[in-house]
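Beneath this line is the structure, given in structure tokens, with notes to follow.
What follows is the structure in structure tokens.
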């Protein structure tokens with residue numbers, strides 16, 4: 001359904017952005033959807049549209065998937081001719097040049113999943129969990145040419161449940177962002193931009209595979225928090241004799257020993273010592289095999305009390 005208010009161009013790509021697009025559609029007219037180009041996916045490398053592009057096609061919304069934005073006169077013309085009063089970005093994945101930002105009358109609003117200026121960048125959800133934050137939130141900001149540096153228009157905190165992974169937190173923030181963007185679009189002329197305090201800025205860079213590697217020289221809480229943060233990707237990886245093991249179902253437990261030392265194996269899982277405390281691991285997936293209960297894997301692999309998992313440490317942070 002569409003209603004009154006501003007005509008909106010929506011820029012987004014992954015599934016996270018779908019609830020935000022749907023919420024905007026319920027209240028306003030979406031005149032253009034812009035998503036990343038289709039990409040090869042899976043073993044067959046089948047060219048597949050990102051979720052937002054697929055939803056736009058399904059709904060019959062005008063869709064553009066430019067390979068680049070800078071110097072793209074054809075795309076700028078498309079955006080201008082759409083008649084959009086304002087544009088909204090949600091996990092779009094590209095930096096917007098000034099020539100594009102200046103086209104809609106109200107510019108671009110961005111839904112960012114942190115309390116800016118904290119956690120600027122592409123992975124705020126993941127780093128908030130890795131760093132053990134208890135609170136994060138959503139910021140609706142006016143987009144400028146920087147990386148999440150524009151003035152804040154709306155902001156709302158969200159408590160992080162101790163058991164949440166990046167998947168759970170993304171779901172909660174998507175709901176929050178959907179509500180806040182509708183609030184912002186309903187009051188474009190009444191919003192008061194507040195500049196960000198640059199001295200408080202922190203960064204949340206894109207994750208790399210090594211961010212999922214267990215550091216047994218961290219505390220047990222730090223290991224579990226990292227596992228929560230990398231649950232979607234790259235997931236939690238440990239090593240035994242150089243072989244990779246995917247781990248899941250990690251929690252803090254009692255125990256002490258050398259970092260990486262197996263303290264016990266039971267039907268409840270595998271207990272491994274950290275620098276401080278211990279971690280209970282419920283599921284292990286060896287390379288090229290299916291995931292299995294940790295105690296089942298341990299019995300088959302000859303892993304028992306006293307076995308020591310490889311202690312991996314980053315060459316740099």
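In full-length UniProt numbering, the protein residues as written are 1 to 317. Even glycine gets a Cβ: it sits at the ideal position worked out from N, Cα and C.
Residue 166: first and last residue of the uninterrupted alpha helix (DSSP H) it sits in: In the DSSP annotation of this structure, the continuous segment of the alpha helix (DSSP H) that includes residue 166 starts and ends at 166 to 185.
Contacts around residue 57, its chain only, beta-carbon distance under 8 Å, and the 5 residues preceding and following it disregarded: Only 49 and 63 meet the Cβ criterion.
Compute the Euclidean distance between the alpha carbons of residue 306 and residue 156, then round it to the nearest angstrom. A straight-line Cα-Cα distance of about 48 Å links residue 306 and residue 156.
Nearest neighbour of residue 139, chosen from 104, 133, 145 and 195 [CA to CA]: Answer by Cα proximity: 195.
When DSSP labels each residue in this structure, what does residue 102 get in the three-state scheme? Coil, per DSSP.
Every unbroken alpha helix (DSSP H) within the UniProt domain "Formyl transferase C-terminal" (207 to 301), with a cutoff of 4 residues, ordered by chain: If only uninterrupted alpha helix (DSSP H) runs of at least 4 residues are considered, those enclosed by the UniProt domain "Formyl transferase C-terminal" (207 to 301) are 220 to 229 and 294 to 301.
Smallest Cα separation from residue 210: which of 225, 314, 181 and 264? Residue 314 is the option with its Cα nearest to residue 210.
Look up residue 149 in the DSSP assignment and say whether it is helix, strand or coil. Correct three-state label for residue 149: coil.
Is residue 145 buried or exposed, if buried means 16 or more other CB atoms sit within 10 Å of its CB? Around the beta carbon of residue 145, fewer than 16 other beta carbons sit within 10 angstroms, so the residue counts as exposed.
Following the continuous beta strand (DSSP E) through residue 87, name the residue where it begins and the one where it ends. Per DSSP, residue 87 is one residue of the beta strand (DSSP E) stretching across 86 to 90.
Hey, could you find the ends of the alpha helix (DSSP H) residue 27 is sitting in? Residue 27 -> alpha helix (DSSP H) spans 18 to 27.
Enclosing alpha helix (DSSP H) for residue 61 [first to last residue]: First-last for residue 61: undefined, no H or E at that position.
Taking only three categories from DSSP, how would you classify residue 163? In the three-state DSSP reduction, residue 163 falls in the coil class, being neither helix nor strand.
List the DSSP bridge partners of residue 142. Residue pairing from DSSP places residue 142 in a beta bridge opposite 109.
Would you kindly work out how many angstroms separate the C-alpha atoms of residue 242 and residue 285, rounded to a whole number? Taking the straight line joining both Cα atoms gives about 14 Å.
Decide if residue 85 is buried, meaning its Cβ has at least 16 other Cβ atoms within 10 Å, or exposed. Buried, because 16 or more other Cβ atoms sit within 10 Å of the Cβ of residue 85.
Tell me which residue opens and which closes the beta strand (DSSP E) that residue 7 is part of. 7 to 12 is the span of the beta strand (DSSP E), which, as asked, contains residue 7.
Measure the alpha-carbon distance for residue 124 versus residue 131 and round it to whole angstroms. Near 10 Å, if we compare the C-alpha coordinates of residue 131 and residue 124.
My assumption, with CB atoms under 8 Å, is that residue 225 sits in contact with residue 129. Please give the rounded CB distance. In this structure residue 225 is in contact with residue 129, their Cβ atoms being roughly 6 Å apart against a cut-off of 8 Å.
Taking the straight line between their C-alpha atoms, what separation do you get for residue 47 and residue 53? Whole-angstrom Cα-Cα distance: 13 Å.
Helix, strand or coil for residue 194 per DSSP? Looking at residue 194 - three-state DSSP - the assignment turns out to be strand.
Give me the Cα-Cα distance between residue 322 and residue 135, rounded to the nearest whole angstrom. No answer is possible for residue 322: the residues shown for the chain start at 1 and end at 317.
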